[in-house]
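Scroll down for the structure; my scribbles are underneath it.
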Amino acid sequence: MIDGLIEGGALTLADLCALETGRPTYRLSDRARKRMEESALTVHRLAGSNHPYYGLNTGFGALANRHIGNRQIELQYNLARSHTTGTGSPLAPALVRRILLLKANSLAVGISGVRSTVVDHLLAFLNHDVLPVIPERGSVGASGDLAPLAHLVLALIGEGEATVGGKMVDGIRVPQAAGVPALILEAKEALALLNGTQVSTALAVEGLLSGQRLLKAAIAIGALTTEALCGSHQPFDPRIHDARGQPGQIRVARRFNLLLPETEIQHSHRDCPRVQDPYSVRCQPQVLGMVDDTLSHAARILSHEINGVTDNPLVFGEDIVSGGNFHAEPVGAIADFMAIALSEIGALSERRTDLLMREINPRLPPFLARDPGVESGFMIAHVSAAALASENKTLAHPATVDSLPTSAGQEDHVSMAPWAGYKLRSIADNVETILAIELLAASAGVDFLRPLRSSPALEHLHASVRERVPPHSGDRRLDRDIHALETLLGDPDLWDKLVPEDPT
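What follows is the structure, encoded as structure tokens:
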């Protein structure tokens, strides 16, 4: 996308990521506008015919066999109102912005049969940061994310709620805040707006972006723990990973080698009698390489989905064709896959934290306590990490294998993609905390090895920790330290600097 120009089908994941940092003023291109108007004219002409066209002059779902004659406009308003059944907490502002942009981009392809003013309204909301209040729960991810997106439609037509500058407004004041009149719906327009995978996709994209950041953090923190444990650098030898040929594993091992050149800490234990490190240290490239490959696959799937047209029916010239692009199975399955991968980041991290408690490195006291016995050190911080890692095991159970039929059996298989996205978000939050606990413990471990130094990159990471958390000089409450490092985990610039995307 160039300078906020919406062509339809030309979004990138970087565009969605940039929504929270430097939003341009979005506008619809002339070519997209022309395509949309031609498609809308076809719908307008055919909706009044006696031939049944789903969603234009028929009912919906199990009522698709009911012909509604010339009541097409009434049908659209009834659809929006009756489908507004979402429950739960409102979606976060960042997610709502992505949903608005995704929906505008999809409709701008010009085969949904809606007028260009519909996209103009969506972009006006986005440009003025008028964010419809969209409840989290209520979608099964088939026939689109119906209930959540119905709340968006109500905001557009002046019957819903939105936040403007953090304040709630409702009714006609919502579109007015965006500088547009209430949208007057025409044939198929409510259906096109609420029939699509944009909520599921926004959630999966959020999980992907979090996963990419957490993977980089896990590599850097894992390298710091390797140093604190006086672990061997040999398992990162590129010859090992080239011999297997797994691309993600090779990339991750390359990053470890950049973080772990020969260091003073490494030199100090050259004659260590330990032959091999436990798997959570030795097999980091293999496990985190799987995560890297999973996220790369997810990026490919979601790059297609953010540019896909997922409402129904679609307009191809003079043909109105009913299908099932609204089924969010590709999105739900990839969210489930990422959930498993991110859970493994947390599982590996928790195991490394446990090693820091165990005197695997005889230079470290048990539980990293300054006065073991009198002090407990990081004993219970590790317990917190274990609790979250265990929680992730349950959350990683795939959502997409659990379908429930709806709409009197017409929608007899559904994706549960939104639930997959919500679980993924919870796992990412847990992994962030698990990694923060490991970083806290690894930094304390390195303190015990002073005056020996690690690599410049890992010393920078250690210094970043110490800017936020003082050295552990005795037992104190650790929840605030963990929270401070959770904030550090949320800083993508640090991890991009420490673990570059393509370290060739």
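Here the working numbering is used: the first residue of the sequence shown is 1206, the next is one more, and so on.
Where a beta carbon is used, it is the ideal one built from N, C-alpha and C, also for glycine.
Please name the residue in the options whose C-alpha comes closest to that of residue i.
| i | options | result |
| --- | --- | --- |
| residue 1675 | 1553, 1649 and 1399 | 1649 |
| residue 1497 | 1210, 1303, 1304 and 1420 | 1420 |
| residue 1226 | 1698, 1490 and 1644 | 1698 |
| residue 1381 | 1368, 1393 and 1565 | 1368 |
| residue 1296 | 1627, 1691 and 1431 | 1627 |
| residue 1526 | 1251, 1656 and 1633 | 1251 |
| residue 1518 | 1528, 1510 and 1509 | 1528 |
| residue 1338 | 1361, 1324 and 1218 | 1361 |
| residue 1455 | 1407, 1495, 1438 and 1256 | 1495 |
| residue 1550 | 1633, 1581 and 1473 | 1633 |
| residue 1172 | 1695, 1671 and 1317 | The question about residue 1172 has no answer, for the chain in this structure spans 1206 to 1709. |
| residue 1654 | 1235, 1259 and 1429 | 1429 |
| residue 1701 | 1623, 1656, 1414 and 1468 | 1414 |
| residue 1538 | 1405, 1316 and 1583 | 1405 |
| residue 1336 | 1450, 1548 and 1353 | 1353 |
| residue 1639 | 1247, 1445, 1308 and 1592 | 1592 |
| residue 1473 | 1435, 1464 and 1488 | 1435 |
| residue 1508 | 1371, 1311, 1552 and 1704 | 1311 |
| residue 1631 | 1408, 1515 and 1467 | 1408 |
| residue 1229 | 1279, 1334 and 1693 | 1334 |
| residue 1289 | 1341, 1458 and 1660 | 1341 |
| residue 1416 | 1541, 1562 and 1535 | 1541 |
| residue 1314 | 1432, 1220 and 1243 | 1243 |
| residue 1562 | 1621, 1552 and 1643 | 1643 |
| residue 1651 | 1471, 1285, 1612 and 1254 | 1471 |
| residue 1754 | 1432, 1624 and 1673 | Lying before the first or after the last residue shown, residue 1754 is absent from the chain, which here runs from 1206 to 1709. |
| residue 1246 | 1281, 1317 and 1236 | 1317 |
| residue 1152 | 1621, 1350 and 1598 | Only positions 1206 to 1709 of the chain appear in this structure, which leaves residue 1152 out of reach. |
| residue 1667 | 1427, 1327 and 1322 | 1427 |
How close, in whole Å, do the beta carbons of residue i and residue j come, if the pair is a contact with beta carbons under 8 Å?
| i | j | result |
| --- | --- | --- |
| residue 1233 | residue 1211 | 5 Å |
| residue 1600 | residue 1641 | Not quite, the Cβ-Cβ distance comes to about 18 Å (not below 8 Å), so this is no contact. |
| residue 1292 | residue 1209 | Wrong, their Cβ atoms sit about 34 Å apart, outside the cutoff. |
| residue 1356 | residue 1363 | Actually they are not in contact, since the Cβ atoms of residue 1356 and residue 1363 sit about 13 Å apart, beyond 8 Å. |
| residue 1683 | residue 1586 | 5 Å |
| residue 1520 | residue 1248 | 6 Å |
| residue 1400 | residue 1531 | 5 Å |
| residue 1397 | residue 1319 | 5 Å |
| residue 1307 | residue 1330 | About 13 Å separates the two Cβ atoms, so there is no contact after all. |
| residue 1440 | residue 1560 | About 14 Å; that fails the 8 Å criterion. |
| residue 1224 | residue 1276 | That pair is no contact at about 38 Å. |
| residue 1575 | residue 1485 | Incorrect: roughly 25 Å between the Cβ atoms, too far for contact. |
Mind checking residue i: buried by the 16 CB within 10 Å criterion, or exposed?
| i | result |
| --- | --- |
| residue 1477 | exposed |
| residue 1389 | exposed |
| residue 1239 | exposed |
| residue 1490 | buried |
| residue 1554 | buried |
| residue 1588 | exposed |
| residue 1262 | buried |
| residue 1523 | exposed |
| residue 1393 | buried |
| residue 1377 | exposed |
| residue 1467 | exposed |
| residue 1637 | buried |
| residue 1534 | buried |
| residue 1582 | buried |
Could you please give the first and the last residue of the uninterrupted alpha helix (DSSP H) stretch that includes residue i?
| i | result |
| --- | --- |
| residue 1520 | Element bounds for residue 1520: not the alpha helix (DSSP H) but the beta strand (DSSP E), 1519-1521. |
| residue 1286 | 1277-1287 |
| residue 1661 | 1661-1673 |
| residue 1533 | Premise fails: residue 1533 is in no alpha helix (DSSP H) and is neither H nor E. |
| residue 1200 | With the chain represented from 1206 up to 1709, any question about residue 1200 goes unanswered, as that position is not in the structure. |
| residue 1412 | 1403-1433 |
| residue 1595 | 1584-1600 |
| residue 1258 | Counting along the chain, residue 1258 falls outside any alpha helix (DSSP H), and DSSP gives it neither H nor E. |
| residue 1656 | Here residue 1656 belongs to no alpha helix (DSSP H), and DSSP marks it neither H nor E. |
Can you tell me where the beta strand (DSSP E) holding residue i begins and where it ends?
| i | result |
| --- | --- |
| residue 1646 | No beta strand (DSSP E) holds residue 1646; the alpha helix (DSSP H) holding it covers 1622-1653. |
| residue 1302 | Taken as a continuous stretch (DSSP letters only), residue 1302 belongs to no beta strand (DSSP E), being part of the alpha helix (DSSP H) at 1298-1312. |
| residue 1373 | 1372-1375 |
| residue 1567 | Where residue 1567 is concerned, there is no enclosing beta strand (DSSP E), given that its DSSP letter is neither H nor E. |
| residue 1318 | Per DSSP, residue 1318 belongs to no beta strand (DSSP E) and is neither H nor E. |
Provide the residue(s) that pair with residue i in DSSP beta bridges, ordered along the chain.
| i | result |
| --- | --- |
| residue 1526 | 1519 |
| residue 1211 | 1233 |
| residue 1337 | 1367 |
| residue 1611 | 1616 |
| residue 1263 | 1272 |
| residue 1469 | The partner list for residue 1469 (beta bridge, DSSP) is empty, contrary to what the question assumes. |
| residue 1479 | DSSP output for residue 1479 lists no bridge partner at all. |
| residue 1225 | Its beta-bridge partners do not exist; DSSP assigns none. |
| residue 1580 | 1577 |
| residue 1342 | 1292 |
The ligand GDP and residue i: does any heavy atom of the ligand fall closer than 7 Å to the residue's C-beta?
| i | result |
| --- | --- |
| residue 1571 | Of ligands this structure carries none, so the ligand GDP is not represented either. |
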